[in-house]
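Taking it in order: structure first as structure tokens, then the write-up.
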Amino acid sequence: MTGAASFPGAGGYTVTMVVSGASAEQSGDAVGGVGGPARRAPSCPKRMVFGPCGGVRAGGRCEVDERPCPFVAMPAPAWPRRAPEGERFEAERSPLTPPVVVCDIRPAEPTLAAARALGRLHADWCDAVLLGEHHDRIDLPNVTLAPALLDEGCRPWVTLTCRDRNAVALEADLAALVELGVGEVHCVTGDARAAHVRPGSTAVFDLDSLRLTALARRFGLTVSVAESPTVEPVDRRPVRAADKSRAGASWCFVNLGVTPGDVDRFIGASRRAGSSLRHVVCVPVFTDAAGADRLAALPGVQLDPEVVRSVIHAPDPRAAGIAHAVAAARTFLAVDGVDGINLSGSASTTGPDDRPAIMRAVAEQIRTVERGSLGGARRPPANSTSGGLAARLATDRGGEGGRG
138 MTGAASFPGA GGYTVTMVVS GASAEQSGDA VGGVGGPARR APSCPKRMVF GPCGGVRAGG
198 RCEVDERPCP FVAMPAPAWP RRAPEGERFE AERSPLTPPV VVCDIRPAEP TLAAARALGR
258 LHADWCDAVL LGEHHDRIDL PNVTLAPALL DEGCRPWVTL TCRDRNAVAL EADLAALVEL
318 GVGEVHCVTG DARAAHVRPG STAVFDLDSL RLTALARRFG LTVSVAESPT VEPVDRRPVR
378 AADKSRAGAS WCFVNLGVTP GDVDRFIGAS RRAGSSLRHV VCVPVFTDAA GADRLAALPG
438 VQLDPEVVRS VIHAPDPRAA GIAHAVAAAR TFLAVDGVDG INLSGSASTT GPDDRPAIMR
498 AVAEQIRTVE RGSLGGARRP PANSTSGGLA ARLATDRGGE GGRG
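Heads up, the final residue of the sequence shown is numbered 541 in my numbering, and it's a clean run with no missing numbers.
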């Protein structure tokens, strides 16, 4: 089954997408709009068409409960290889030059003052700050935080998820990002909300990552997506990355829980499937036991116990954690197709100002040893063994759940 749908978008854009529909065995409720008409997988709690997400657990189980993920047994429909007649992508507003250093940030409280203070701590050392979308406590909307960060000299890379807003609201957010001068948007389906988190609130999931990507790209934004190469179904993760590339993504954040070998195999397979994505690998940063525990609590992330012990029992845990993160980043940057790193994790649990200082130290050491400056890469050979234990900061059993 093949269909097409068009509708007017904000700012005069027309959104049109054609998709080969699912088989009768896959059919759930019909959906239109971006990527439609198509069929949702009937048993997916995220109402996805182009699954799976990054939260599939061992044995092919859904991240929400014990039900089997429908996309493990039956692949999702392929994203169309060509746009409809007359359709085109708008030019990217602000393409980044790799390699890049990105850092996750989240203001400590939902105020513009907190956002500006955090921006000042990041503005002069990282290429972009990745604004996530969380649901464990109240945060200001990312489209509100972005201009405050821009004012402080930061480059906000704004995450939009499909969990808490319908397609109309997401389209409005995209229009707002264009108007604000934001260049990059990170399009993910979003984590499922546990029953004890914000009870009574409704998860929306009008769209999924691929359909949000196509919508964002038509606004001229540079789009990133996420993938978890070692999460089931492993053999179809590269194909899904290629579909995201065809939908309009330029960058792929590789979630925590991978080794350099995992990333190398994933990029090679993705390219063979038709992907032209650039890749940013998430690097875990911790300097104390509490920070390591927080990382290990993320779905699918298992830190090497030997590495954790070597950091937290070192004479100077802070210096040891920074050194391990730098070495791990270097091993990832040595992989062909890796164009940047995303510094992730709490880094330190001693105080809100300590995290930016540690992340800055990691970034500056990477630049000194690896690149010299942002403008040119000086990567070690692909078979480099530099980094020792740091190359095993995360094992190959899973990725950060729900970031696809």
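Just so you know, even glycine gets a beta-carbon here, dropped at the ideal spot from N, CA and C.
Next item on the list: Return the chain-ordered list of same chain residues with a C-beta closer than 7 Å to the C-beta of glycine 165, the five sequence neighbours on each side being excluded.
Entry: Mapped onto the sequence shown, residue 165 falls at position 28. With a pLDDT of only 36 at glycine 165, under the threshold of 50, the placement of this residue in the model should not be trusted, and no figure is reported.
Check: Is leucine 267 near cysteine 240, with beta carbons less than 8 Å apart?
Finding: Position 130 of the sequence shown, counted from the start, is the residue given in the question as residue 267. Position 103 of the sequence shown, counted from the start, is the residue given in the question as residue 240. Their beta carbons are under 8 Å apart, which means leucine 267 touches cysteine 240 by this criterion.
Item checked: Segment contact, 8 Å Cβ cut-off, at least three pairs: the region 465-484 with the region 396-413 -> yes
Notebook entry, point to check: What is the rounded straight-line gap between the Cα of serine 407 and the Cα of proline 236?
Noted result: Mapped onto the sequence shown, residue 407 falls at position 270. Mapped onto the sequence shown, residue 236 falls at position 99. Taking the straight line joining both Cα atoms gives about 19 Å.
Item checked: Where the alpha helix (DSSP H) containing isoleucine 495 begins and where it ends -> If you number the sequence shown from 1, residue 495 lands on position 358. Per DSSP, isoleucine 495 belongs to the alpha helix (DSSP H) from 491-503.
Item checked: Residues near proline 207 by beta carbon distance below 6 Å, same chain, minus five either side -> By 1-based counting over the sequence shown, the position of residue 207 is 70. So the qualifying residues of the chain are Ala178, Ser180 and Cys181.
Checklist line | Segment limits, beta strand (DSSP E) that includes threonine 296 | finding: In the sequence shown, the residue the question calls residue 296 occupies position 159. Taken as a continuous stretch (DSSP letters only), the beta strand (DSSP E) holding threonine 296 covers 293-298.
Next item on the list: To the nearest angstrom, report how far apart aspartate 345 and histidine 450 are at their CA atoms.
Entry: To locate residue 345, count along the sequence shown from 1; it is residue 208. To locate residue 450, count along the sequence shown from 1; it is residue 313. When rounded, the distance between both Cα atoms is 43 Å.
Item checked: Continuous beta strand (DSSP E) stretch holding isoleucine 275: start and end -> For this step, residue 275 is matched to residue 138 along the sequence shown. Unbroken run through isoleucine 275: none, as it is neither H nor E.
Next item on the list: Give the range of the alpha helix (DSSP H) segment to which serine 361 is assigned.
Entry: Counted from its first residue, the sequence shown places residue 361 at position 224. Serine 361 -> not in any alpha helix (DSSP H); beta strand (DSSP E) instead, spanning 359-364.
Item checked: Identity of the residue in Thr424, Arg198, Val209 and Ala340 nearest aspartate 453 by Cα -> Locating residue 453 in the sequence shown gives position 316, where the first residue counts as 1. Of Thr424, Arg198, Val209 and Ala340, the residue nearest in Cα terms is Thr424.
Item checked: Contiguous beta strand (DSSP E) assignments of at least 3 residues, all confined to the region 436-482 -> none
Next item on the list: Kindly indicate the opening and closing residues of the alpha helix (DSSP H) around leucine 249.
Entry: Against the sequence shown, residue 249 aligns to sequence position 112. Per DSSP, leucine 249 belongs to the alpha helix (DSSP H) from 249-257.
Check: Under a Cβ-count criterion, where at least 16 other Cβ atoms within 10 Å of its own Cβ denotes burial, should asparagine 303 be classed as buried or exposed?
Finding: As a first step, residue 303 is located in the sequence shown; it is residue number 166 there, counting from the start. Asparagine 303 should be labelled exposed.
Note to self: Determine whether the beta carbon atoms of cysteine 299 and threonine 326 lie at a separation below 8 Å.
What the structure shows: Along the sequence shown, one-based indexing puts residue 299 at 162. Along the sequence shown, one-based indexing puts residue 326 at 189. Going by C-beta atoms, cysteine 299 is nearer than 8 Å to threonine 326.
Check: When the Cα atoms are used, what is the spatial distance from leucine 414 to asparagine 479?
Finding: As a working mapping, residue 414 is identified with position 277 in the sequence shown. As a working mapping, residue 479 is identified with position 342 in the sequence shown. Cα-Cα distance, rounded: 16 Å.
Notebook entry, point to check: Can you pull the DSSP bridge partners for aspartate 241?
Noted result: Position 104 of the sequence shown, counted from the start, is the residue given in the question as residue 241. DSSP lists Leu267 as partners of aspartate 241.
Note to self: Rounding to the nearest angstrom, what Cα-Cα distance links glycine 318 and alanine 210 in this structure?
What the structure shows: Within the sequence shown, the letter at position 181 stands for residue 318. Within the sequence shown, the letter at position 73 stands for residue 210. One C-alpha to the other measures close to 42 Å.
Check: Are leucine 542 and valine 322 closer than 8 Å when you measure CB to CB?
Finding: Since the first and last residues shown for the chain are 138 and 541, residue 542 lies out of range.
Next item on the list: With distances taken Cα to Cα, identify the nearest neighbour of valine 186 among Leu347, Ser483 and Asp441.
Entry: The residue given as residue 186 occupies position 49 in the sequence shown. Nearest of Leu347, Ser483 and Asp441 to valine 186, Cα basis: Leu347.
Note to self: Could you give the first and the last residue of the continuous beta strand (DSSP E) run that contains arginine 415?
What the structure shows: Within the sequence shown, numbered from 1, the residue matching residue 415 stands at position 278. From DSSP, the beta strand (DSSP E) with arginine 415 extends over 415-423.
Check: Starting from phenylalanine 403 and walking both ways along the alpha helix (DSSP H), at which residues does that stretch end?
Finding: Translated into positions along the sequence shown, residue 403 becomes position 266. From DSSP, the alpha helix (DSSP H) with phenylalanine 403 extends over 397-409.
Checklist line | Exposure label - arginine 446; buried when at least 16 CB within 10 Å | finding: Counting from 1 along the sequence shown, the entry for residue 446 is found at position 309. Arginine 446 is exposed by the Cβ-count criterion.
Note to self: So glutamate 501 and serine 387 are supposed to be a Cβ contact under 8 Å. How far apart are they, rounded?
What the structure shows: Indexing the sequence shown from 1 puts residue 501 at position 364. Indexing the sequence shown from 1 puts residue 387 at position 250. 27 Å between Cβ atoms; not a contact.
Checklist line | Beta-bridge pairing of tryptophan 388 - partner residues as DSSP gives them | finding: Translated into positions along the sequence shown, residue 388 becomes position 251. According to DSSP, tryptophan 388 bridges with Ser361 and Arg415.
Margin query: Quick check on the burial criterion: 16 or more other C-beta atoms within 10 angstroms. Buried or exposed for arginine 497?
Written below: The residue given as residue 497 occupies position 360 in the sequence shown. Answer is buried; the Cβ neighbour count reaches 16.
Margin query: Among the candidates Val422, Glu364, Ala265 and Arg243, whose CA atom is the shortest distance from the CA of leucine 255?
Written below: Position 118 of the sequence shown, counted from the first residue, corresponds to residue 255. With distances taken between Cα atoms, leucine 255 lies closest to Arg243.
Notebook entry, point to check: In or out: valine 305 buried (at least 16 other Cβ within 10 Å) or exposed?
Noted result: As a position in the sequence shown, residue 305 is number 168, starting the count at 1. Counting Cβ neighbours within 10 Å, valine 305 comes out exposed, since fewer than 16 surround it.
Notebook entry, point to check: Can you list, in chain order, the residues of its chain whose CB lies under 6 Å from that of alanine 195, leaving out five sequence neighbours each side?
Noted result: Your numbering for residue 195 matches position 58 in the sequence shown. Answer for alanine 195: no residue qualifies.
Next item on the list: Give every residue of the same chain whose Cβ lies closer than 7 Å to the Cβ of cysteine 291, excluding the five residues on either side of it in the sequence, and list them in chain order.
Entry: Locating residue 291 in the sequence shown gives position 154, where the first residue counts as 1. Excluding residues within five positions, the ones whose Cβ falls inside 7 Å are Gly256, His259, Ala260 and Val266.
Check: Going by DSSP, what residues sit across from glutamate 321 in a beta bridge?
Finding: As a first step, residue 321 must be located in the sequence shown, where it is residue number 184. Glutamate 321 pairs with Trp294 and Thr359.
Checklist line | Own chain, CB closer than 7 Å to cysteine 263, minus 5 neighbours either side, in chain order | finding: Along the sequence shown, read from residue 1 onward, the residue named residue 263 stands at position 126. Around cysteine 263: Val238, Val239, Cys240 and Ala500.
Note to self: For proline 205, list the residues DSSP reports as bridge partners.
What the structure shows: By 1-based counting over the sequence shown, the position of residue 205 is 68. Its beta-bridge partners are Arg198.
Next item on the list: Would you identify the three-state DSSP class for alanine 329, choosing helix, strand or coil?
Entry: As a position in the sequence shown, residue 329 is number 192, starting the count at 1. It is coil, neither helix nor strand.
Checklist line | alpha helix (DSSP H) segment containing threonine 486, residue limits | finding: For the purposes of this step, residue 486 is taken as the residue at position 349 of the sequence shown. Note, threonine 486: premise wrong, no alpha helix (DSSP H); not H, not E.
Check: Can you tell me the Cα-Cα spacing of leucine 435 and phenylalanine 469, whole angstroms?
Finding: Translated into positions along the sequence shown, residue 435 becomes position 298. Translated into positions along the sequence shown, residue 469 becomes position 332. Spanning the two alpha carbons is a distance of roughly 21 Å.
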